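Asks:
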Amino acid sequence: MEPRDLFEILTREHIDSVRAFLLASLRDSVAAEDVLQETFLVAWKILGRYDRKLPFGPWVRGIAGKLLLNHRRRLGRSRVHYCDEEVLTRIDEGFRDFATLQGDTFDEKLDALRACLGHLTGPQRDSIQLHYEHGMHCKQIAEKLGIGFEAVKKHLQRGRALLHRCLQTKLPTGDVA
Amino acid sequence: MNHEDHEEHDDGVAGEPKGRELVPDAWRELDDTLADGPAPAATPPEARAWLADQRFLHGLLRAMHSQDAAARESRVAGILERIDAAGETKRRWLPMLLAALVLACVGLWLASPPSLPTAEAAVQRAVDQLARDVARRFRVVAHASDSADKEVMRHEFALVTSPGSRFRVSGTLGFGPLQLGEFQLGCDGTEIWGLSANGMFRRSGPLAERERLLQAFGDSIDLGYLDVHDLVQRLPGDFELATVGREVDSSGHSVLRVQATRKRADGRVRLRDAWLLCDEATGMITRLEATADLPRGASRRLSIEYLGEEPPGLVQFGRPW
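As they're listed, the protein sequences go chains E and X.
In this note's numbering, each residue carries its 1-based index in the first sequence increased by 9.
In this note's numbering, each residue carries its 1-based index in the second sequence increased by 201.
1) Would you mind reading off the limits of the alpha helix (DSSP H) that contains Q138/E?
2) Which residue wins for smallest C-alpha separation from L136/E, given the options C125/E, T20/E and I156/E?
3) Whether or not the stretch 483-490 of chain X and the stretch 349-362 of chain X are in contact is what I'm after, with contact meaning three or more pairs of Cβ atoms, one per stretch, closer than 8 Å; do they touch?
4) 8 Å is my cut-off, CB to CB: does K15/E come that close to chain X?
5) Hey, A332/X and C479/X: beta-carbon distance below 8 Å or not?
6) To be precise: take each residue of the stretch 159-186 of chain E, compare its Cβ to all Cβ atoms of chain X, and keep it if any distance is under 9 Å. Which residues remain?
7) Report the CB separation of G372/X from E383/X in whole angstroms; it is logged as a contact under 8 Å.
8) Using a Cβ-Cβ distance cut-off of 8 Å, determine whether F257/X contacts chain E.
9) Quick one: what's S371/X bridged to in DSSP?
10) Flag F49/E as yes if its beta-carbon sits less than 8 Å from any beta-carbon of chain X, otherwise no.
11) Would I280/X pass as an interface residue toward chain E - the criterion being a Cβ-Cβ separation below 8 Å?
12) Tell me I486/X's beta-bridge partners as DSSP assigns them.
13) Enumerate in chain order the residues of its own chain whose CB-to-CB distance from R340/X is below 7 Å, with the five nearest sequence positions on each side excluded.
14) Whole beta strand (DSSP E) runs in the stretch 435-466 of chain X with 3 or more residues, listed along the chain?
15) List the residues of chain X whose Cβ lies closer than 7 Å to the Cβ of Y141/E, in chain order.
16) In this structure, does DSSP put V516/X in helix, strand or coil?
17) Pull up the distance between the alpha-carbon of P315/X and that of V303/X, whole angstroms please.
18) Which one of T109/E, G127/E and Y91/E has the shortest CA to CA distance from Q177/E?
19) Within the same chain, show all residues whose beta-carbon is closer than 8 Å to that of L97/E, passing over the 5 residues directly before and after it, in chain order.
20) When the Cβ atoms of the stretch 103-118 of chain E are set against those of the stretch 21-36 of chain E, are three or more pairs found closer than 8 Å?
21) Put V89/E into one of helix, strand or coil per three-state DSSP.
22) Please confirm if the stretch 453-465 of chain X is in contact with the stretch 436-443 of chain X, defined as three or more CB-CB distances below 8 Å between the two stretches.
23) Please classify T20/E: is it buried, with 16 or more other beta-carbons within 10 angstroms of its beta-carbon, or exposed?
24) Show which residues of chain X have a CB atom less than 8 Å away from the CB atom of H90/E.
25) Which term fits L235/X, buried or exposed, when burial requires 16 or more other beta carbons within 10 angstroms of its beta carbon?
26) As a quick exercise: from I393/X, M297/X, P364/X and L472/X, pick the residue whose alpha carbon is nearest that of E510/X.
27) Taking the alpha-carbon of S348/X as reference, which of P512/X, L386/X and R497/X has the nearest alpha-carbon?
28) Determine the burial state of S452/X: buried for a count of at least 16 other Cβ atoms within 10 Å of its Cβ, exposed for fewer.
29) So with Cβ pairs under 8 Å, would you call D60/E a contact of chain X?
30) Below 8 Å on the Cβ atoms is my guess for Y141/E versus A240/X; work out the distance and round it to an integer in Å.
31) Along the alpha helix (DSSP H) that carries A253/X, what are the first and last residues, could you check?
32) So is G213/X in contact with chain E if we call contact Cβ pairs under 8 Å?
33) Drop a sphere of 10 angstroms on the beta-carbon of I100/E, count the other beta-carbons inside from all chains shown, and report buried for 16 or more, exposed for fewer.
34) Can you tell me whether G446/X is buried or exposed? The criterion is at least 16 other CB atoms within 10 Å of its CB, across all chains shown.
35) Strictly below 9 Å CB to CB, what residues from chain X border L110/E?
36) Which first and last residues belong to the alpha helix (DSSP H) in which I393/X is found?
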């Protein structure tokens, strides 16, 4: 197989997880698209350094992480969420675990998250739905739910923590972190 | 969807115990995914796992709610188009470049005297190449021997360097049978920093105080040779240079071998002698071997091998924390 064909397969397989990895750190989704494209172009340029015995996902997310750190340095802290190598490594570990979930594609693996969302109840479910599905800010959610701004933030943070714990139970090992 | 403004009323996941997600309020303030304004400049180490979990879910939820098959195809197509376009440009330019190169070589061969280029000219070409604002990757191996020529130290580093005292080193330190583990060292032109892999050692300071940081590594890393540009630039002033031959390296490139011998042993210049290979086509140094004097008759041998340019934007010279 030609390297270019192999790379196309790898790109199709991993582009969604790399995009999610970048969306975890970049506020602006247009900037995330730019860094996503740059990540795969750099990966293509240095494909010769990729050790085929190792999984491709962590390698390409490693490139994305380096570009993120440079992006943060160039554009400042208002454009990129808090990043250091330790936080990026831990986020990457989340994606490594996520890759072991049932399903062949990223979208199929997201079914586990959809199932966890289905179990979420009350203001946490509503806050997450309004924030991520309807793109509402905390202030707008607070007005809609008739609760305080800080309470919305807590609901979102606790909701994400519960979802994380729920996803952990769906890993093949069934470990609860 | 109307809820009371009390934490205690959180429902969470049906059937799950409540209160498991309680974390200090100070950590919540560090979560900049829910607040406008700049991200925090630093975070306490104990908060990072929680922050990373939050961000992992934040990324997953954002990705899940912006899934779009057409956009996905367009992303893949965009990447492949840019890869193909770069390949096309290369293919189109390659014959022209080769033809131009052949013409230039023939022209040079006809015009130039049969003697070898001067060592000063070869080194100056290398200095000009190294002055280009690109990141270059090197493999550095340093051995130290005692007065009985017994190896007492061996360090192997991956070095990425750019002009302006910017470099980044990662590697292992070893003294005889003792392996001290992996470390990273870098400088962004103004600040120098060091970090051990286990996080036990973490230090930074102004570049002017580099000697102090050097001592923290037990004087085992001579920062002088990490700035390859500066090292090569200083050769003509401190060393007698001579082109001693032309050879073909393992990649089939014609290279000039330049010998550098210290003009005087005045203690200011620790390198005793060196030889370097300069690629005749590019002017770039492909290999440098040097011997430095150490106290009490010991010596250090240094081998620097050029591995190529790094893609732009990939190297961060600043401290990682």
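Ideal Cβ placement from N, Cα and C applies to all residues, glycine included.
This structure is a prediction, so every number in the text was calculated from the model and none was measured.
Replies: Per the coordinate set shown:
1) Premise fails: Q138/E is in no alpha helix (DSSP H) and is neither H nor E.
2) First, the amino acid is wrong: residue 136/E is Ser here, not Leu. When each option's Cα is compared against that of S136/E, the closest is I156/E.
3) Contact between the stretch 349-362 of chain X and the stretch 483-490 of chain X is absent, because fewer than three Cβ pairs lie under 8 Å.
4) Note on identity: in this sequence residue 15/E is Leu, with Lys being the wrong assignment. L15/E does not count as touching chain X.
5) Using a Cβ distance threshold of 8 Å, A332/X and C479/X do not count as a contacting pair.
6) Cβ contacts with chain X come from E159, A160, V161, K162, K163, H164, L165, Q166, R167, G168, R169, A170, L171, L172, H173, R174, C175, L176 and A186.
7) Yes, they are in contact, since the Cβ atoms of G372/X and E383/X sit about 7 Å apart, within 8 Å.
8) F257/X counts as touching chain E.
9) Per DSSP, the beta-bridge partners of S371/X are A359/X and Q385/X.
10) It does; some Cβ of chain X falls within 8 Å.
11) Yes, contact with chain E.
12) According to DSSP, I486/X bridges with C479/X.
13) Sequence-distant Cβ neighbours of R340/X in its own chain, meaning closer than 7 Å and more than five residues away, are A359, E506 and L508.
14) Counting only runs of 3 or more residues that sit fully inside the stretch 435-466 of chain X, the beta strand (DSSP E) segments are 440-449 and 455-463, in chain order.
15) Going along chain X in sequence order, the residues near Y141/E (Cβ under 7 Å) are L262, R263 and H266.
16) If DSSP states are grouped into helix, strand and coil, V516/X belongs with coil.
17) Residue placement at P315/X is flagged as unreliable, the pLDDT there being 49, under the threshold of 50; the coordinate-derived value follows with that caveat. Whole-angstrom Cα-Cα distance: 18 Å.
18) Cα-wise, what sits closest to Q177/E is T109/E.
19) Excluding residues within five positions, the ones whose Cβ falls inside 8 Å are S34, G74, L77 and L78.
20) Touching, per the Cβ criterion.
21) Here DSSP, grouped into helix, strand and coil, assigns V89/E to strand.
22) They touch, by the three-pair rule.
23) By the Cβ neighbour-count rule, T20/E is buried, with 16 or more other Cβ atoms within 10 Å of its own.
24) Annotation: Cβ neighbours of H90/E in chain X (cutoff 8 Å, chain order): D233, T234, A240 and R256.
25) L235/X is buried by the Cβ-count criterion.
26) Among I393/X, M297/X, P364/X and L472/X, the Cα nearest to that of E510/X is on P364/X.
27) Answer by Cα proximity: R497/X.
28) When all chains shown are included, S452/X counts as exposed.
29) So no, D60/E is outside the interface.
30) Actually they do not touch by this definition, with Cβ atoms about 20 Å apart.
31) A253/X -> alpha helix (DSSP H) spans R249 to M265.
32) With a pLDDT of 49 at G213/X, under the threshold of 50, the modelled position of that residue is not reliable, and the figure given next carries that caveat. Interface residue, yes.
33) Burial call: buried.
34) It counts as exposed.
35) In chain order: nothing, as chain X lies at least about 11 Å away.
36) First-last for I393/X: E392 to S397, but that is the beta strand (DSSP E), not the alpha helix (DSSP H).
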